[in-house]
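Q:
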């Protein structure tokens, strides 16, 4: 696909303002690819037990008399499956999974239940084929039954296993939900005081819930989402960092979809708490909280306004200058979708003092800021675009014309064209031309006429011919008009582009 087509695809994912109704607001495209790598850096899909030392007891079957020598070759199942390179395929090929699943029903022998649950959890943490083997063995309903086990360590192991299965993909996630896996988790979270749970236990519940929110095509059933949102709101007010992080990731998955699903999340009242968490100082929490809010502002103007009404923009100066480049980039992406909104929402970005610092970040952040600026110039008023120019945005914007990315070049040229249109309204075209030439922008635009991408060539040529051509027959600003008394020279209004 050509770069021009790529750019068009991204443009069509924006919503209203200034151009086609579907042109400006966009969903995340390459940002998703970079920030949601396979196996996820910030929030992993599956978790597996790994025993570092075989002589350290980590299950009830290992808690034996230390004074009695144990033959080293007699390992438990969890030791075999919990090693760094477990023979999972061999266990599957031997047909052992149905037997392990059967052991889960031995309520009169909790150590065996735990041992089998541990083994199946680790097998389910493997490849999709290995997870499917656990599912096909009938483990899902067995694990759901064990969530209510009177033995906390068995209950936690069952929750962990369900999280691994749900994290494998939409089909296994929906199987967990279809078998009733959500309700026992929500029953646990309905406890009057969550402090009754050990920290690790509550973290496992939260992580499993987040995997039940994860994956698209299809997204989780809407009925299930509506059931779990009150629990997520409660968890967002917990003090544990890992609980907060996984809860925010859950919300980010639920808001990464069509406007109808965003609306369901908004109706639960989560947004104000997400905004508060932007200032919590914990990177592991800020990242998914910002992602969630960024997803929300890809929605309608009214949905975007919910984020603005919660006071989010007051926190963005710090986010745009955050020491972590990914946070800067996420913040710039979020602003780009806000500036794709109504003029009043653009004004809130102005009032928050964000315009001068939009282009301060690294190259990846500036690429997102370019979209924010172009959307701003497309939908902003004459006064707002004038303010943008007065904030010295032109210079760094034109510097980016040296980029090799054709998509970004087209977006920048679009912004330059929009600014020129405002200059024409103000009678400031000549001053704007001089400013662009002084900062080396004209040379860069002229050079793009030799660009290999035809869309870039045409966009740069159009700007040169319309605003910088020396072949104009006459300067319209000095053509005398005819009056009753003869000829009168036109004098343009006083400029508002004060560089």
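Residue numbers (the numbering used here): 56 to 554.
Don't be surprised by glycine CBs; every beta carbon is placed ideally from N, CA and C.
Where are the alpha helix (DSSP H) runs, 4 residues long or more, that stay fully inside the region 185-237, in chain order?
A: Here the runs fully enclosed are 194-201, 207-221, 225-233.
Q: Exposed or buried, what is residue 177 when buried is set at 16 or more other beta-carbons lying within 10 Å of its beta-carbon?
A: So residue 177 ends up on the buried side.
Q: Enumerate in chain order the residues of its own chain whose CB-to-CB distance from residue 185 is below 8 Å, with the five nearest sequence positions on each side excluded.
A: The answer, listed in chain order, is 143, 144, 147, 178, 179.
Q: Quick one: using the 10 Å Cβ neighbour count with 16 as the cut-off for buried, is residue 124 buried or exposed?
A: Reliability fails at residue 124, whose pLDDT of 42 lies under 50, so the model's placement of it is uncertain and the value that follows must be treated cautiously. Exposed.
Q: Ignore the nearest five residues each way along the sequence and tell me which others in residue 196's own chain have a CB closer than 6 Å to its CB.
A: The answer, listed in chain order, is 234.
Q: On the three-state DSSP scale, how would you describe residue 458?
A: Three-state result, residue 458: coil.
Q: Okay, do the region 311-330 and the region 349-363 touch, 3+ Cβ pairs below 8 Å being the bar?
A: The answer is yes - the region 349-363 touches the region 311-330, with three or more Cβ pairs under 8 Å.
Q: Could you check if residue 408 is buried or exposed, using at least 16 other CB atoms within 10 Å of its CB as the buried criterion?
A: It counts as exposed.
Q: Taking the CB atoms as reference points, tell me whether residue 261 and residue 217 lie closer together than 8 Å.
A: Result no, Cβ atoms of residue 261 and residue 217 do not sit closer than 8 Å.
Q: Apart from the five residues just before and just after residue 207, which ones in its own chain have a Cβ nearer than 7 Å to its Cβ?
A: If we look at residue 207 and ignore the five residues flanking it on each side, its Cβ neighbours are 256.
Q: Three-state secondary structure (DSSP) at residue 366?
A: It is coil, neither helix nor strand.
Q: Return helix, strand or coil for residue 296, following the three-state DSSP convention.
A: Residue state, collapsed to three classes: helix.
Q: In its own chain, which residues sit with a C-beta less than 6 Å from the C-beta of residue 204, not counting the 5 before and 5 after it?
A: Result list for residue 204: 210, in chain order.
Q: The alpha helix (DSSP H) that contains residue 498, what's its start and end?
A: It spans 496-502 - the alpha helix (DSSP H) in which residue 498 sits, taken as one unbroken run.
Q: For residue 265, collect the residues of the same chain with a Cβ closer than 6 Å to its Cβ; drop the 5 residues on either side in sequence, then sort them by chain order.
A: Once the five neighbours on either side are set aside, the close Cβ partners of residue 265 are 301, 304, 305.
Q: CB-CB under 7 Å to residue 340, same chain, minus the five flanking residues each way: which ones, in chain order?
A: For residue 340, where only same-chain residues beyond five positions count, the Cβ hits under 7 Å are 296, 299, 300, 303, 332.
Q: Does DSSP put residue 568 in a helix, in a strand, or in coil?
A: With the chain running from 56 to 554 in the structure shown, residue 568 is simply not present.
Q: Using a Cβ-Cβ cut-off of 7 Å (strictly less than) and excluding sequence neighbours within five positions of residue 391, which residues of its own chain qualify?
A: So the list reads 423, 426, 427, 430, once near-sequence residues are dropped.
Q: Quick one: residues in its chain with C-beta nearer than 7 Å to the C-beta of residue 488, no 5 flanking neighbours on either side, listed in chain order?
A: Excluding sequence neighbours, residue 488 sits near 522, 523.
Q: Only counting runs of 4 or more residues, tell me where the alpha helix (DSSP H) segments fall wholly within the region 401-484, in order along the chain.
A: Those alpha helix (DSSP H) runs which fall completely within the region 401-484 and span 4+ residues are 418-434, 437-445, 449-454, 461-481.
Q: Determine the direct distance from the alpha carbon of residue 239 to that of residue 318, and round the result to whole angstroms.
A: If I take the Cα positions, the gap works out to 26 Å.
Q: DSSP on residue 259, reduced to helix/strand/coil?
A: DSSP places residue 259 in helix when its eight states are reduced to three.
Q: Assuming residue 175 and residue 189 form a contact by the criterion Cβ under 8 Å, report the distance between their Cβ atoms to the nearest whole angstrom.
A: Right, the Cβ-Cβ distance comes to about 5 Å (below 8 Å), so this counts as a contact.
Q: Counting only the same chain and skipping the five closest in sequence on each side, list residues whose C-beta sits under 6 Å from that of residue 164.
A: Closer than 6 Å at Cβ, skipping near neighbours: no residue.
Q: Rounding to the nearest angstrom, what Cα-Cα distance links residue 496 and residue 509 in this structure?
A: C-alpha separation (whole angstroms): 20 Å.
Q: How close, in whole Å, do the beta carbons of residue 212 and residue 169 come, if the pair is a contact with beta carbons under 8 Å?
A: Yes, they are in contact, since the Cβ atoms of residue 212 and residue 169 sit about 6 Å apart, within 8 Å.
Q: Below 8 Å between beta carbons: does that hold for residue 389 and residue 345?
A: Yes, these two residues count as a Cβ contact at 8 Å.
Q: Which value, in whole angstroms, describes the spacing of the CA atoms of residue 396 and residue 229?
A: Their Cα atoms are separated by approximately 35 Å.
Q: Compare the beta carbon distance of residue 153 and residue 192 with 8 Å and say whether it is the shorter of the two.
A: Going by C-beta atoms, residue 153 is nearer than 8 Å to residue 192.
Q: If you measure between the beta carbons of residue 404 and residue 394, is that distance less than 8 Å?
A: Their beta carbons are under 8 Å apart, which means residue 404 touches residue 394 by this criterion.
Q: At which residues does the alpha helix (DSSP H) containing residue 148 begin and terminate?
A: 143-148 is the span of the alpha helix (DSSP H), which, as asked, contains residue 148.
Q: Look up residue 397 in the DSSP assignment and say whether it is helix, strand or coil.
A: Residue 397: coil per DSSP, three-state reduction.
Q: Under 6 Å Cβ to Cβ from residue 158, same chain only, skipping five residues before and after it: list those, please.
A: Around residue 158: 167, 171.
Q: Indicate whether residue 452 and residue 499 have their beta-carbon atoms separated by less than 8 Å.
A: No, they are not a contact pair.
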